[in-house]
Every structure is written in C-alpha cells, then in structure tokens.
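The structure appears below as structure tokens.
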Amino acid sequence: MDKKLLQKYVDGTISSDDVETVVDWLDADENHVKEFMALHKLYDISILNQSIQEQKKKKGYRVVFRSIVKELLKVAAIALILLGVNSLLQKEIAEESPLLYQTLYVPAGQRAELTLPDSTKVWLNAHSKLVYPVNFRQGSRQVELDGEAYFDVRHDNESPFIVKTKSMDVKVLGTEFNVLAYSEAGEFNISLLRGSVELSAPDLSRKYRMTAGEQVYYKDGKYVSAPIGYMDYFKWKEGLLCFNNQSIGIIIDKLRLYYDIRIEVADLPFLKERYSGKFRVKDGVEQVLKVLQLEHKFTYVKDNELNLITIK
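For the sequence shown, full-length UniProt numbering begins at 1 and goes up steadily by one.
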C-alpha cells in the first residue's frame with residue numbers, strides 16, 4: 001500500500017474512491033492493520049486535539065479522531081477508521097450546522113466494544129461497520145449498522161434510539177438487543193433480550209413491536225417471529241463462537257463471514273451433518289476445523305495465497 005495514500009487517509013484529504021481501497025487493504029490481512037497503526041501512531045497523532053469547530057470548516061470528507069484508546073477498551077488489534085460519512089443520516093442535517101460522524105470498522109476475526117456519546121454500550125462483531133455521530137442531536141439518536149452488533153441502549157423517553165440497516169430500521173427507547181444485518185450476506189436477525197423495540201421496513205405493511213425474549217428473522221422472502229432459543233449465541237461479545245445443533249453448512253457460512261476466507265466443500269451431504277460446541281475466535285478457523293474433524297470424517301487443505309480452504 002502506498003504510504004502517501006495512507007497519509008491522505010489519516011489527514012482527511014483522501015477521495016471517496018481511495019477510501020474503499022484503504023478499507024479493502026486493511027481487511028485483507030491483520031498485518032496490514034498493525035502496519036497502519038504503527039506507521040501513523042494513531043494513538044498519538046495531533047488531530048486528536050483538533051476542535052470541533054476546526055473540523056466543521058473542512059470540505060468533503062471530514063475526519064475526526066476521538067480518544068481511540070478509550071473506545072477500543074478491552075479489544076486489541078482493531079482497525080479504528082474514523083471518517084466523515086456521506087450517508088442517509090446526513091441528508092436530514094442542515095448545511096449550516098453539520099453533524100460529524102465516525103465509523104468503527106472491525107476486520108475479520110476481531111471484535112470491538114465502545115460507548116456512544118449517550119452512554120449506550122455497543123459490542124461490534126467481526127467484519128462489521130458502525131456509523132455514529134460525534135454527538136447526538138437533542139431528540140434524535142441514530143446510527144447505521146452493516147454487520148452484527150449487540151446494543152445496551154441508555155433509556156431516554158424524549159430521544160428514541162434508531163439503528164438503520166439495509167433491510168430494516170429498529171427503533172427503541174431503552175433496551176438490550178442483538179442485530180445481525182450483514183448486507184453482503186443478505187440476512188437479517190434481531191433478538192430482543194430486554195425492553196421493547198419497533199421494527200419498520202419498506203416491505204412491511206405496518207410497524208411491528210417486539211417483546212423481550214423474541215427474535216425476528218428473514219427467511220424465504222418473509223419475516224418470521226420465534227422465541228430466542230440459545231442464549232449462549234450472544235457470547236460472541238466475549239470472543240466465543242457458540243453453536244447449538246447447527247448444520248455444518250451454517251457453521252461454515254459463519255466461518256467464511258467471521259474470518260473472511262473462502263471455504264469450498266467437495267462433499268455436499270457433509271453440510272447437512274450437525275454439531276454443538278464453543279470455540280474461541282482468536283484460535284482461528286483451522287482450530288474450528290480440527291475440532292470438527294474429531295466427530296466428522298473429512299480432510300481439508302488450506303491455500304494461504306488464495307485465502308482458500310478446500311474440505312474433502
């Protein structure tokens with residue numbers, strides 16, 4: 001990666017096209033993240049001390065770096081990408097008083113925990129992106145999610161909290177819930193652990209209010225409601241992948257997503273076999289496969305250059 005391009009990314013002069021180039025490069029290899037962090041010393045750069053007023057004067061993509069150390073909390077090796085976002089949120093903002101946005105992007109195989117300006121706590125899963133304002137406006141708390149996140153929302157009757165995803169908007173006052181909405185995978189699932197939320201989407205005839213202990217997911221072209229059946233699933237916040245009588249096919253789909261790796265299976269019937277167990281994300285995809293081999297007969301070959309695993 002061209003170091004001049006990385007520097008442009010840091011100082012906010014990068015073009016929108018080049019932003020995607022840098023993000024793809026960071027996501028391709030964990031070593032790229034380490035190189036990026038070390039090269040620019042993100043924890044020490046002076047832009048941390050720039051005032052909000054100075055940032056408002058910038059044109060195009062506004063870059064705002066805020067207390068990176070505090071926001072990463074317990075999770076290391078996360079690429080924290082903070083940049084102005086020309087999103088759906090910004091279309092509603094008056095030009096004379098622009099909101100400044102930050103984007104937290106978590107690479108494959110990692111997770112992050114942060115606290116939003118309103119004290120809402122968020123856990124962000126691998127290969128996920130959260131866009132949120134530096135400060136929420138009075139009467140409005142709105143964020144955008146592409147991926148999976150667990151929210152513990154601070155209660156505020158006068159300011160609903162809204163999570164916008166590609167397929168649906170989730171509106172809450174104060175509650176605890178998990179949203180899975182990876183746009184590239186075309187799936188949506190929301191699990192409500194506490195409180196209540198209201199769902200709205202273009203393909204829903206009316207708004208739907210969920211109750212605690214309920215999950216809503218998208219299947220075969222329609223939304224389905226069901227009780228939450230496996231609470232250990234949410235331990236992904238602690239760095240665990242938990243499966244309860246899941247098909248090997250679903251497990252492999254999760255591995256592809258969380259570790260950003262291609263996995264091809266030669267024996268298709270093998271995908272219907274089932275497994276229950278827990279894995280530490282940090283142990284890597286091969287550790288999961290080695291454990292699965294103890295109960296299921298298969299071999300695999302990994303090609304690091306192609307980022308490909310072939311299961312036979």
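Glycine residues also receive a C-beta, built at the ideal position from the N, C-alpha and C atoms.
- Arg111 carries a coil assignment under DSSP once its states are collapsed to helix, strand and coil.
- Selection Arg209, Thr175, Ala149 and Thr310 evaluated against Tyr182 yields Ala149 as nearest (Cα-Cα).
- Residue environment analysis places Asn178 among the buried positions, since at least 16 neighbouring C-beta atoms fall within 10 angstroms of its C-beta.
- In this model, His32 and Lys3 are separated by some 12 Å (Cα to Cα).
- In the DSSP assignment, Gln138 falls outside any beta strand (DSSP E), carrying neither H nor E.
- Per the coordinates, the alpha-carbon of Gly249 lies some 15 Å from the alpha-carbon of Glu187.
- The alpha carbon of Arg194 has as its nearest neighbour, out of Gln138, Ser276 and Arg154, the alpha carbon of Arg154.
- For Ala126, the three-state secondary structure derived from DSSP is coil.
- A direct Cα-to-Cα measurement between Thr115 and Lys121 gives close to 5 Å.
- Annotation: the continuous alpha helix (DSSP H) that includes Glu286 extends over Val285 to Leu292.
- For Leu180, the enclosing beta strand (DSSP E) begins and ends at Glu176 to Ala181.
- Judged by pairs of C-beta atoms under 8 Å, the segment 255-262 touches the segment 104-111, as three or more such pairs exist.
- By the criterion of a C-beta distance shorter than 8 Å, Gly213 is surrounded in its chain by Leu192, Leu193, Pro227 and Ile228, once the five residues flanking it on both sides are discounted.
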